[in-house]
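End of the sequence shown = 238 in our numbering, gap-free, step of one. For each residue, glycine too, the CB sits at the ideal point set by N, CA and C.
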Amino acid sequence: MTRTITVRGVGKATAKADFVTINMSMKTSDMEYDTAMDRAAEKIDGLSRALKHAGFGADDLKTTKFRVDTAYDTIKDRDGNYKRIFEGFVVHHDVRLQFDFESRRLSQALSAMAACISAPEIEIRFSVKDSEKLKDDILRSAAENARRRAEILCEASGASLGALLSIHYSWDELSIYSSTRFSYESECLSSVKSVKSIDMEPEDIHAGDSATFVWEIC
Numbered sequence: 021m022t023r024t025i026t027v028r029g030v031g032k033a034t035a036k037a038d039f040v041t042i043n044m045s046m047k048t049s050d051m052e053y054d055t056a057m058d059r060a061a062e063k064i065d066g067l068s069r070a071l072k073h074a075g076f077g078a079d080d081l082k083t084t085k086f087r088v089d090t091a092y093d094t095i096k097d098r099d100g101n102y103k104r105i106f107e108g109f110v111v112h113h114d115v116r117l118q119f120d121f122e123s124r125r126l127s128q129a130l131s132a133m134a135a136c137i138s139a140p141e142i143e144i145r146f147s148v149k150d151s152e153k154l155k156d157d158i159l160r161s162a163a164e165n166a167r168r169r170a171e172i173l174c175e176a177s178g179a180s181l182g183a184l185l186s187i188h189y190s191w192d193e194l195s196i197y198s199s200t201r202f203s204y205e206s207e208c209l210s211s212v213k214s215v216k217s218i219d220m221e222p223e224d225i226h227a228g229d230s231a232t233f234v235w236e237i238c
């Protein structure tokens, strides 16, 4: 019977944030469906034009979600009965803008958003442009970590490490984002004329993953 050793290798890697993602949410409502849709279209058009004036391309702004809901309120009448009252149509439009991170460029984008009528609520995330390289580094680290642990265990047990028999990996999606979070509420952003350049350095990205290795023991 073949003797084996199973070791879970843990890989880690660190990288500087060099890519920024701005997620923007806009909400428009009106009692009339056509009016709500027209107002939503005006908002996205105003945002697109403002970003174009700031130097971004027409295709840089991507839609991530578009949804139309009906809004209701519940009230109690004089007889104590509850009734649902229609309050209109609500259009939710979420968009995303991504570009190489630079403080000045980020400030230009935020100033453009502040100057337009759209007044989106925004959240900014920092990541790496070449995420695949970071993932590869993590997997290499996991393999090295597993082999080192296996060799130590074998040496301490008076055995030697044989051939690698199998590797088990879950292929789960990794979160490749800096822990630095940056956000503006729509009311806050719309109340300023422009956003001053902030000399910021996002927290380095720390990511990790694991894989399970099975070796033969000699």
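Between the Cα of residue i and those of the options, spot the shortest distance and give me the residue it belongs to.
| i | options | result |
| --- | --- | --- |
| Leu154 | Leu194, Ser190, Ser180, Phe121 | Leu194 |
| Lys32 | Ser230, Cys238, Trp235, Ile237 | Ser230 |
| Arg201 | Val234, Leu67, Glu223 | Glu223 |
| Ser151 | Ala35, Leu181, Asn101, Met57 | Ala35 |
| Glu52 | Phe106, Ser45, Arg23 | Phe106 |
| Ala74 | Ala183, Met220, Ala132 | Ala132 |
| Ser123 | Thr24, Ala227, Cys238, Ala37 | Ala37 |
| Tyr249 | Thr41, Thr90, Arg169, Asp50 | Coverage of the chain is limited to positions 21 through 238, which leaves residue 249 absent and any answer about it impossible. |
| Arg69 | Thr24, Ile25, Cys136 | Cys136 |
Buried or exposed: where does residue i fall if 16 or more other Cβ atoms within 10 Å of its Cβ makes it buried?
| i | result |
| --- | --- |
| Phe121 | buried |
| Phe39 | buried |
| Leu5 | Coverage of the chain is limited to positions 21 through 238, which leaves residue 5 absent and any answer about it impossible. |
| Ala170 | buried |
Can you tell me the Cα-Cα spacing of residue i and residue j, whole angstroms?
| i | j | result |
| --- | --- | --- |
| Thr232 | Gly108 | 54 Å |
| Ser138 | Thr84 | 17 Å |
| Arg116 | Lys82 | 5 Å |
| Val148 | Thr94 | 47 Å |
| Cys174 | Val234 | 13 Å |
| Arg98 | Tyr92 | 19 Å |
| Val110 | Asp54 | 11 Å |
| Ala134 | Leu159 | 42 Å |
| Ala179 | Ile225 | 39 Å |
| Asn43 | Arg104 | 33 Å |
| Val88 | Ile64 | 15 Å |
| Met46 | Ser190 | 36 Å |
| Ala227 | Asp58 | 43 Å |
| Cys242 | Asp156 | What is shown of the chain runs 21 to 238, which leaves residue 242 out entirely. |
| Met220 | Glu236 | 50 Å |
Stretch pair the stretch 127–144 + the stretch 78–88: three plus CB contacts closer than 8 Å: no
The stretch 25–42 in contact with the stretch 163–179 per 3-pair CB rule at 8 Å: yes
Whole alpha helix (DSSP H) elements within the stretch 148–180, 4-residue minimum: 151–176
Unbroken stretches of the alpha helix (DSSP H), 4 residues or longer, contained in the stretch 109–140: 123–135
Length at least 3, wholly inside the stretch 36–89: the beta strand (DSSP E) runs in chain order: 39–50
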